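In terms of the numbering used here, the sequence shown opens at residue 5 and continues consecutively.
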Amino acid sequence: MAYAITQTCCTDASCVAACPVNCIHPTPGEPDFGTTESLYIDPRACIDCGACADACPVEAIFPVDRLFGADAAHAELNRQYFAGTGGGGDWDAPRFPRSLPAELSAPRIAVVGTGPAAGYAVQHLLRCTDAEITLIDRVPVPGGLVRYGVAPDHGATKGIGRSFANAFRHARVRMHLNVEVGRDVTHEELAAHHHAVLYAVGASGHRELGVPGEQLVGSLPATEFVGWCNARPDVPAARVDLSGERAVVVGTGNVALDVARLLLTDPEELAGTDIAEHALEALRASKIREVVLLGRRGPAEAAYTRPEFLDLRHRAGIDVVVDEHGGAAGDIAAAAPGSTAGLLQDVPVREVDWALPPPAGRRLVLRFRSEPAEVLGDQQVRAVRTAGGAEIPAGLLVRSIGSRGVPVPGVPFDAERGVIPNERGRVAPGTYVVGWAKRGATGGIGANRACAAETVDALLDDVEARRLPEPAGGDKEFARLVRTRVPDALGRREAEAIDRAEQQRGQRAGRPRVKFATVPELLRAAKRVRR
Ligand SMILES: Cc1cc2nc3c(=O)[nH]c(=O)nc-3n(C[C@H](O)[C@H](O)[C@H](O)COP(=O)(O)OP(=O)(O)OC[C@H]3O[C@@H](n4cnc5c(N)ncnc54)[C@H](O)[C@@H]3O)c2cc1C
Ligand SMILES: NC(=O)c1ccc[n+]([C@@H]2O[C@H](COP(=O)([O-])OP(=O)(O)OC[C@H]3O[C@@H](n4cnc5c(N)ncnc54)[C@H](OP(=O)(O)O)[C@@H]3O)[C@@H](O)[C@H]2O)c1
Ligand code: SF4
Ligand code: SF4
5 MAYAITQTCC TDASCVAACP VNCIHPTPGE PDFGTTESLY IDPRACIDCG
55 ACADACPVEA IFPVDRLFGA DAAHAELNRQ YFAGTGGGGD WDAPRFPRSL
105 PAELSAPRIA VVGTGPAAGY AVQHLLRCTD AEITLIDRVP VPGGLVRYGV
155 APDHGATKGI GRSFANAFRH ARVRMHLNVE VGRDVTHEEL AAHHHAVLYA
205 VGASGHRELG VPGEQLVGSL PATEFVGWCN ARPDVPAARV DLSGERAVVV
255 GTGNVALDVA RLLLTDPEEL AGTDIAEHAL EALRASKIRE VVLLGRRGPA
305 EAAYTRPEFL DLRHRAGIDV VVDEHGGAAG DIAAAAPGST AGLLQDVPVR
355 EVDWALPPPA GRRLVLRFRS EPAEVLGDQQ VRAVRTAGGA EIPAGLLVRS
405 IGSRGVPVPG VPFDAERGVI PNERGRVAPG TYVVGWAKRG ATGGIGANRA
455 CAAETVDALL DDVEARRLPE PAGGDKEFAR LVRTRVPDAL GRREAEAIDR
505 AEQQRGQRAG RPRVKFATVP ELLRAAKRVR R
């Protein structure tokens with residue numbers, strides 16, 4: 005028997021150092037760490053001590069004999085990763101957190117954003133320095149995509165938010181929420197009150213398909229759909245219309261799978277999560293029975309990760325089929341077992357007749373080598389016509405083709421790549437970037453950990469080289485400026501009040517939390533602790 009890593013792994017490597025026999029790989033020092041979709045446990049070397057399971061922030065690690073259904077397949081993925089290797093491994097050279105020389109005074113650092121990139125950067129800064137940190141976010145609640153992106157039925161993944169919240173609660177961290185940089189305060193004002201400004205603003209825009217009809221009613225970007233499920237305050241409760249029988253989702257990334265899964269899962273299963281109340285009600289009344297995932301390339305190039313696909317593949321009550329189109333059956337049959345396309349070998353492949361209504365039950369159809377050429381309809385989406393000429397009737401179109409960054413006024417921006425241009429996270433001495441705003445919208449939560457370490461390293465190089473000028477204003481002046489500009493700005497106590505109020509609502513409803521879905525509701529909950 006051994007332990008195995010399962011679907012929720014976000015590759016943050018917290019387990020690696022916990023393992024006394026170094027059987028969790030790839031480690032951050034190994035070449036495929038940056039690209040791996042999960043970490044894996046070598047079943048031949050594992051001594052069953054359970055230390056890794058305790059260290060994992062997202063409850064991804066279980067003894068193999070407690071894995072059933074979809075999770076049992078993860079034990080096999082763990083085993084496969086080590087097939088052909090000798091087993092066991094050597095310890096990496098020990099690494100100690102960097103620290104600043106004692107003669108340097110503590111820097112004051114503004115971090116813009118409160119998502120995973122900010123979370124890891126703050127943890128790293130607190131560990132390596134005596135820095136005083138000012139956290140700023142434009143929404144009234146911290147968390148970024150952990151709160152407003154990660155699907156509500158991925159509750160264990162959302163658990164990583166607790167570890168960031170602990171860092172944000174540190175005595176050297178001050179929070180200004182409901183404050184947008186570029187609108188309420190400028191970059192120059194931040195720079196005038198801090199030694200360094202670190203942007204962790206993510207990628208809140210989305211890519212466009214660029215086809216006619218894309219903006220019809222009933223067509224929306226995936227991040228908006230997931231935001232709607234997560235009670236994101238800027239997505240109206242009535243934004244999503246589920247009155248048609250079929251939805252088309254463009255793209256085959258993990259976000260596309262999230263959308264498909266949420267649309268097809270029995271709403272009573274979702275009722276046990278923190279899904280927005282309006283989304284739960286709409287899904288209970290939903291007529292959607294079929295979701296078609298359109299991939300522009302073949303089954304081997306599907307962008308989803310294997311753990312996420314296995315989770316959907318084995319969901320009770322959801323049939324999964326591949327549409328026999330563009331040679332899909334041949335590609336799948338020829339694929340290596342366990343590869344992205346090989347995972348489809350036990351999925352039925354059949355020709356789908358789009359003239360017929362979806363069959364009874366709930367079904368996910370994967371259609372490869374298909375790109376939308378036009379969205380048909382007068383005002384509302386009626387069908388999607390592919391470049392190959394197929395017409396797929398649908399009442400909802402979710403464009404899940406990736407996110408992209410948006411500029412922050414006063415900060416350089418590479419419009420082509422949708423990122424803040426940087427070298428190892430340094431934009432210029434005094435200005436830094438981390439996370440999706442630095443690398444583009446790719447990588448799970450854990451990928452932001454090494455990214456944050458690199459950026460903080462660049463920042464510390466500049467502190468050590470005394471390249472950062474002394475700011476004119478201090479912490480108190482900045483707090484005063486914020487209060488003048490945004491009377492409704494919230495601090496840590498108010499954020500904690502919102503958290504408590506949501507959890508209390510959840511307790512009453514038998515759910516983990518019931519989120520407030522609008523800014524006025526959030527502010528009302530926050531004001532209960534205001535002086
Ligand atoms: C729908 C979706 C689901 C996902 N699910 C998973 C998952 O299950 N597991 C996983 O490992 N990864 C998942 N990911 C990936 C993961 O969410 C990202 O890797 C991660 O959130 C990127 O972190 P970030 O801090 O760079 O950006 P974000 O999390 O987007 O945080 C950016 C923060 O900056 C704030 N901000 C932006 N502009 C400003 C401004 N001008 N002023 C003030 N504040 C500002 C925003 O409000 C936000 O809080 C998902 C991604 C998406 C889109
Ligand atoms: N672990 C998790 O549970 C989880 C959940 C959600 C997100 N995430 C991570 O978050 C990151 C972002 O995920 P994502 O799904 O938004 O993006 P993604 O993984 O980059 O997938 C984007 C998809 O859109 C397709 N696409 C792009 N442009 C297109 C176009 N013009 N027409 C048709 N298709 C187009 C891509 O196809 P091509 O491949 O052909 O370009 C790809 O299938 C990923 O790293 C993902 O793993 C992780
Ligand atoms: S159970 Fe113990 S030995 Fe096995 S992977 Fe986890 S920490 Fe390592
Ligand atoms: S989420 Fe982190 S701690 Fe958990 S299994 Fe994955 S790498 Fe290990």
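By construction, the Cβ of each residue, glycine as well, lies at the ideal position given by its N, Cα and C atoms. From a predicted model like this one, the values you see are computed outputs, not experimental measurements.
Beta-carbon spacing of residue i, residue j below 8 Å
{"i": "Pro120", "j": "Ala135", "result": "no"}
{"i": "Val150", "j": "Leu139", "result": "no"}
{"i": "Gly444", "j": "Gly209", "result": "no"}
{"i": "Val379", "j": "Val351", "result": "no"}
{"i": "Ala155", "j": "Cys233", "result": "yes"}
{"i": "Val239", "j": "Val253", "result": "no"}
{"i": "Cys56", "j": "Thr161", "result": "no"}
{"i": "Pro216", "j": "Arg403", "result": "no"}
{"i": "Leu368", "j": "Val295", "result": "yes"}
{"i": "Pro475", "j": "Ala196", "result": "yes"}
{"i": "Pro303", "j": "Ala337", "result": "no"}
{"i": "Gly186", "j": "Leu401", "result": "no"}
{"i": "Val438", "j": "Leu202", "result": "yes"}
{"i": "Ala424", "j": "Arg211", "result": "Looking at the sequence provided, one finds Ile at residue 424 rather than Ala. Contact: no."}
Residue i, buried or exposed, once every other Cβ within 10 Å from all chains shown has been counted against 16
{"i": "Pro491", "result": "exposed"}
{"i": "Val68", "result": "buried"}
{"i": "Thr39", "result": "exposed"}
{"i": "Asp52", "result": "exposed"}
{"i": "Gln11", "result": "buried"}
{"i": "Phe86", "result": "buried"}
{"i": "Met179", "result": "buried"}
{"i": "Pro30", "result": "buried"}
{"i": "Ala530", "result": "buried"}
{"i": "Lys480", "result": "exposed"}
Closer than 7 Å: residue i CB and nearest ligand 1 heavy atom
{"i": "Ile424", "result": "no"}
{"i": "Pro237", "result": "no"}
{"i": "Asp141", "result": "yes"}
Residue from the options with nearest C-alpha to residue i
{"i": "Arg386", "options": "Glu378, Ser42, Ala398, Arg173", "result": "Ala398"}
{"i": "Ala283", "options": "Glu249, Asp245, Pro105, Leu314", "result": "Asp245"}
{"i": "Arg471", "options": "Arg430, Lys162, Cys455", "result": "Arg430"}
{"i": "Ala207", "options": "Val252, Gly148, Leu267, Tyr44", "result": "Gly148"}
{"i": "Ser343", "options": "His318, Ala505, Ala306, Asp327", "result": "Ala306"}
{"i": "Leu370", "options": "Val438, Ala359, Ile396, Gln384", "result": "Ile396"}
{"i": "Arg319", "options": "Leu261, Pro411, Pro413, Asp188", "result": "Leu261"}
{"i": "Arg453", "options": "Ala6, Asp16, Gly393", "result": "Asp16"}
{"i": "Thr522", "options": "Arg504, Thr277, Ala77, Val143", "result": "Val143"}
{"i": "Leu348", "options": "Trp358, Asp357, Asp323", "result": "Asp323"}
{"i": "Val183", "options": "Val115, Arg211, Ala200", "result": "Val115"}
{"i": "Val460", "options": "Phe482, Arg428, Glu481", "result": "Arg428"}
{"i": "Thr256", "options": "Ala419, Glu458, Arg293, Leu298", "result": "Leu298"}
{"i": "Ser109", "options": "Thr446, Gly231, His199", "result": "His199"}
{"i": "Ala175", "options": "Leu194, Leu130, Gly248", "result": "Leu130"}
{"i": "Thr227", "options": "Arg250, Leu194, Leu266, Glu249", "result": "Leu266"}
Below-8 Å beta-carbon distance, residue i vs any chain C residue
{"i": "Val379", "result": "The structure shown contains no chain C; it is built from a single protein chain."}
Sequence-distant residues of the same chain with beta carbon closer than 8 Å to residue i, five excluded per side
{"i": "Ser18", "result": "Ala59, Cys60, Pro61"}
{"i": "Leu464", "result": "Arg102, Leu104, Cys132, Thr133"}
{"i": "Pro98", "result": "At Pro98 the pLDDT is 45, less than 50, meaning the model places this residue with poor confidence; the figure from the coordinates comes in the next sentence. Result list for Pro98: empty, nothing under 8 Å."}
{"i": "Ala462", "result": "Glu427, Arg428, Gly429, Arg430, Tyr436"}
Any non-hydrogen atom of ligand 4 within 7 Å of residue i CB
{"i": "Gly450", "result": "yes"}
{"i": "Thr15", "result": "yes"}
{"i": "Cys50", "result": "no"}
{"i": "Leu181", "result": "no"}
7 Å CB neighbourhood of residue i in its chain, flanking five on each side removed
{"i": "Glu41", "result": "Thr309, Arg310, Pro311"}
{"i": "Ala391", "result": "Glu375, Ala377"}
{"i": "Gly123", "result": "Phe168, Ala171"}
{"i": "Gln507", "result": "Arg517"}
{"i": "His158", "result": "Thr12"}
{"i": "Ala456", "result": "Ala121, Tyr124, Ala125, His128, Val438"}
Sequence-distant residues of its chain with Cβ nearer than 6 Å to residue i (five each side left out)
{"i": "Ala106", "result": "none"}
{"i": "Gly165", "result": "Gly147, Val150"}
{"i": "Glu355", "result": "Glu328"}
{"i": "His191", "result": "Gly414, Val415"}
Near ligand 2: residue i beta-carbon under 7 Å from a heavy atom
{"i": "Glu228", "result": "no"}
Residue i Cβ short of 7 Å to ligand 3 heavy atom set
{"i": "Asp69", "result": "no"}
{"i": "Val25", "result": "yes"}
{"i": "Cys60", "result": "no"}
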